[in-house]
Amino acid sequence: AAGVIQSPRHLIKEKRETATLKCYPIPRHDTVYWYQQGPGQDPQFLISFYEKMQSDKGSIPDRFSAQQFSDYHSELNMSSLELGDSALYFCASSPTGTSTNNEQFFGPGTRLTVL
Amino acid sequence: GIQVEQSPPDLILQEGANSTLRCNFSDSVNNLQWFHQNPWGQLINLFYIPSGTKQNGRLSATTVATERYSLLYISSSQTTDSGVYFCAVENTNAGKSTFGDGTTLTVKP
């Protein structure tokens, strides 16, 4: 079965650089979520999109922005990178963001290292 | 926001032993999931269980929504069961999940 695809899988950047993470949800899933997992931490919700509109926002820094495109893929843009942004970034998708059944399926993650 | 507490934080088992992991949450939830994060960082769906009981092989889970807790049972544990087990709940209808701190399981051969 198709799963959530994330690219790149690994990314190394310098401080103050920018990064773009991409997420391709499971086909027919219209909701995408982004999570950040620091070393030894649990995943923390950043932002979500339903039908290309932002549906919820968590602890996402102002330096980060995201969007969902017409084909439902999503991109997380990160600017002015800081050492503390080094983390595993997960994308998850679910079949719908407004029903009571929104089981989330997670991608393999993008491991971002900021030097 | 909703609080999610998992216990125990760490668990060491001998291969073949059984275990029970607990997840308590502070408010009513729409959804609850259990995940296994393997040593490579992948989050693997184990159960989607906002209420009731489910079983999948050696694993089973029970959620008692009215009492705000869920249990994950692992029987006849194997070394490949090692990793971190997360409980994640959702209670906002917007879909975002709040994770517990996880239980780190180590199964020794």
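Chain order of the listed sequences is A and B. Residue numbering for the first sequence follows my numbering, beginning at 47 and increasing consecutively. Residue numbering for the second sequence follows my numbering, beginning at 1366 and increasing consecutively. Note that the Cβ used here is the ideal one computed from N, Cα and C, for glycine as well. Fair warning: this is a prediction, and the values are worked out from it, not measured in the lab.
Nearest-angstrom Cα separation, counted from GLU1432(B) out to PRO26(A): No answer is possible for residue 26(A): the residues shown for chain A start at 47 and end at 161.
Residue from HIS119(A), SER125(A), GLU97(A) with nearest C-alpha to ASP108(A): Numbered from its first residue, the first sequence carries residue 108(A) at position 62. The option with the nearest alpha carbon to ASP108(A) is SER125(A).
6 Å CB neighbourhood of ILE1377(B) in its chain, flanking five on each side removed: Here residue 1377(B) refers to the residue found at position 12 of the second sequence. Excluding residues within five positions, the ones whose Cβ falls inside 6 Å are THR1471.
Rounded straight-line distance, which links the Cα of THR77(A) to that of LYS117(A): By one-based count along the first sequence, residue 117(A) stands at place 71. By one-based count along the first sequence, residue 77(A) stands at place 31. According to the sequence provided, residue 117(A) is Asp. The question's Lys does not apply to it. The straight-line gap from Cα to Cα measures roughly 12 Å.
Segment contact flag, the stretch 1462-1470 of chain B with the stretch 1406-1415 of chain B, C-beta cutoff 8 Å, min 3 pairs: no
Secondary structure of GLY1448(B), DSSP reduced to three states: Here residue 1448(B) corresponds to residue number 83 of the second sequence, with the count starting at 1. Here GLY1448(B) sits in strand by DSSP.
Beta strand (DSSP E) segment containing ASN123(A), residue limits: Taking the first residue of the first sequence as position 1, residue 123(A) is located at position 77. Unbroken beta strand (DSSP E) run through ASN123(A): 120-124.
Sub-9 Å separation of GLN114(A) and PHE136(A) beta-carbons: On the first sequence, residue 114(A) is found 68 positions in, with the first residue counted as 1. On the first sequence, residue 136(A) is found 90 positions in, with the first residue counted as 1. Cβ atoms of GLN114(A) and PHE136(A): not closer than 9 Å.
Per-residue DSSP class, three states only, for LEU92(A): Taking the first residue of the first sequence as position 1, residue 92(A) is located at position 46. Of the three classes helix, strand and coil, the one that applies to LEU92(A) here is strand, per DSSP.
Enclosing beta strand (DSSP E) for LEU1437(B) [first to last residue]: As a first step, residue 1437(B) is located in the second sequence; it is residue number 72 there, counting from the start. Run containing LEU1437(B): 1434-1439, per the beta strand (DSSP E) assignment.
Beta-carbon contacts of GLN82(A) that lie in its chain and below 6 Å, excluding the five residues immediately before and after: As a first step, residue 82(A) is located in the first sequence; it is residue number 36 there, counting from the start. Excluding positions up to five away in sequence, the list reads GLN90, LEU92, ALA133, TYR135.
Distance between SER1372(B) and THR1428(B) (C-alpha atoms, nearest Å): For the purposes of this step, residue 1428(B) is taken as residue 63 along the second sequence, with counting starting at 1. For the purposes of this step, residue 1372(B) is taken as residue 7 along the second sequence, with counting starting at 1. Answer to the nearest angstrom: the Cα atoms are 15 Å apart.
Interface flag, ALA1453(B) vs chain A, CB-CB below 9 Å: Your numbering for residue 1453(B) matches position 88 in the second sequence. By this cut-off, ALA1453(B) is an interface position.
Residue range of the beta strand (DSSP E) that includes ASP102(A): The residue labelled residue 102(A) in the question sits at position 56 within the first sequence. 99-103 is the span of the beta strand (DSSP E), which, as asked, contains ASP102(A).
Sufficient close CB pairs (3 or more, under 8 Å) joining the stretch 56-72 of chain A to the stretch 1376-1394 of chain B: no
From GLN1398(B), GLY1381(B), GLY1406(B), GLU1370(B), residue whose alpha carbon lies closest to that of SER1391(B): As a first step, residue 1391(B) must be located in the second sequence, where it is residue number 26. Ranking the options by Cα distance to SER1391(B), first place goes to GLU1370(B).
Where the beta strand (DSSP E) containing LYS1419(B) begins and where it ends: If you number the second sequence from 1, residue 1419(B) lands on position 54. Unbroken beta strand (DSSP E) run through LYS1419(B): 1417-1421.
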